[in-house]
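Trainee: Respectively, the protein sequence lines represent chains X and P.
Each residue of the first sequence is one higher than the last, beginning at 644 in our numbering.
Each residue of the second sequence is one higher than the last, beginning at 1190 in our numbering.
Here's a structure for you.
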Amino acid sequence: KQEVTQIPAALSVPEGENLVLNCSFTDSAIYNLQWFRQDPGKGLTSLLLIQSSQREQTSGRLNASLDKSSGRSTLYIAASQPGDSATYLCAVPTGANSKLTFGKGITLSVRP
Amino acid sequence: NAGVTQTPKFQVLKTGQSMTLQCAQDMNHEYMSWYRQDPGMGLRLIHYSVGAGITDQGEVPNGYNVSRSTTEDFPLRLLSAAPSQTSVYFCASSSVGDTQYFGPGTRLTVL
């Protein structure tokens, strides 16, 4: 059974820092990996999706990497801003059929 | 293009009552699913569908029922509500193997 782990559960950084959020998974036979953002009381917003054949995906100040062999993904946020404060979740599908297994998320607070 | 919509946004039920949470998408996605989100437990899959007329169970299906008569709609039915079903419910849709899009959620309290 796939398990997804995100450590630490919470992180507080000063504005302007570059930071890395980690995600690990136990079954490396994944189809893709997706990073989401969730603001308090809101739904999930997709940030990046990395296919299993890719090593990286970039969107603005966000860069996600994937190392299937080691069961790890990282989300890099450059020049963090208070508006980046949210919970960040990673998720992997079971096979190609899109049933997602989620990590419990990292709650990020960026201090002005 | 509304994306994924869910109604109602909030609901309070008494134990034993039944209700239906509505979910609709206008992106012609084959895949739709329901998750519940609980503190300390994260998001867990309840039921999913890979197309009209096809549904299957996820990790926590007990007490819930689904059907998919159209591509657009995927309602979730609570048959006899229990306090353990107090949660936030999210519906999601995608093309198979592609980015999943989530609705804004329904906050359900069962007294």
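Heads up, the beta-carbon is just placed ideally off N, CA and C, and yes, glycines get one too.
The model shown is predicted, which means the values in this text are computed figures rather than measured ones.
Just how far apart, CA to CA, sit P/Ser1258 and X/Glu658?
Mentor: Mapped onto the second sequence, residue 1258 of chain P falls at position 69. Mapped onto the first sequence, residue 658 of chain X falls at position 15. Straight-line Cα distance between these residues: approximately 49 Å.
Trainee: I'd like to know if X/Lys711 contacts chain P, where contact means its C-beta is closer than 8 Å to some C-beta of that chain.
Mentor: One-based indexing of the first sequence puts residue 711 of chain X at position 68. Answer no: the Cβ-Cβ gap between X/Lys711 and chain P never drops below 8 Å.
Trainee: Measuring CA to CA, which of P/Met1221, P/Val1249 and P/Ser1207 is closest to P/Gln1195?
Mentor: Here residue 1195 of chain P refers to the residue found at position 6 when the second sequence is read from its first residue. Ranking the options by Cα distance to P/Gln1195, first place goes to P/Met1221.
Trainee: Classify X/Gly684 as buried or exposed, calling it buried when 16 or more other Cβ atoms lie within 10 Å of its own Cβ.
Mentor: To locate residue 684 of chain X, count along the first sequence from 1; it is residue 41. The residue in question, X/Gly684, is exposed, as its Cβ has fewer than 16 Cβ neighbours within 10 Å.
Trainee: Which residue marks the beginning of the beta strand (DSSP E) containing P/Gln1226, and which one marks its end?
Mentor: For the purposes of this step, residue 1226 of chain P is identified with residue 37 of the second sequence, where counting begins at 1. Residues Tyr1220 to Asp1227.
Trainee: For the beta strand (DSSP E) holding P/Gln1214, just list the boundary residues, first then last.
Mentor: Looking up residue 1214 of chain P in the second sequence gives position 25. Per DSSP, P/Gln1214 belongs to the beta strand (DSSP E) from Met1208 to Gln1214.
Trainee: Between P/Gly1240 and the rest of its own chain, which residues show a CB-CB distance below 7 Å, the 5 nearest in sequence each way excluded?
Mentor: The residue given as residue 1240 of chain P occupies position 51 in the second sequence. Here the set comprises Glu1219.
Trainee: Hey, how far is the Cα of P/Arg1266 from the Cα of X/Gly714?
Mentor: Residue 1266 of chain P sits at position 77 when you count from the first residue of the second sequence. Residue 714 of chain X sits at position 71 when you count from the first residue of the first sequence. Roughly 36 Å between the two C-alpha positions.
Trainee: Nearest to X/Ile693 by alpha carbon, out of P/Gly1294, P/Asp1287, P/Phe1291 and P/Asn1190?
Mentor: As a working mapping, residue 693 of chain X is identified with position 50 in the first sequence. Closest option to X/Ile693, Cα to Cα, is P/Asp1287.
Trainee: For P/Arg1296, collect the residues of the same chain with a Cβ closer than 6 Å to its Cβ; drop the 5 residues on either side in sequence, then sort them by chain order.
Mentor: As a first step, residue 1296 of chain P is located in the second sequence; it is residue number 107 there, counting from the start. Excluding residues within five positions, the ones whose Cβ falls inside 6 Å are Phe1199 and Val1277.
Trainee: Do we get a CB-CB distance below 8 Å when we pair P/Phe1263 with the residues of chain X?
Mentor: As a first step, residue 1263 of chain P must be located in the second sequence, where it is residue number 74. For P/Phe1263, the answer is no, since every Cβ of chain X falls outside 8 Å of its Cβ.
Trainee: Residues of chain X with CB closer than 9 Å to the CB of P/Gln1289, please, in chain order.
Mentor: By 1-based counting over the second sequence, the position of residue 1289 of chain P is 100. Those are Gln677, Phe679, Leu687, Ser689, Leu692, Ala734, Pro736, Ser741 and Leu743, listed as they occur along chain X.
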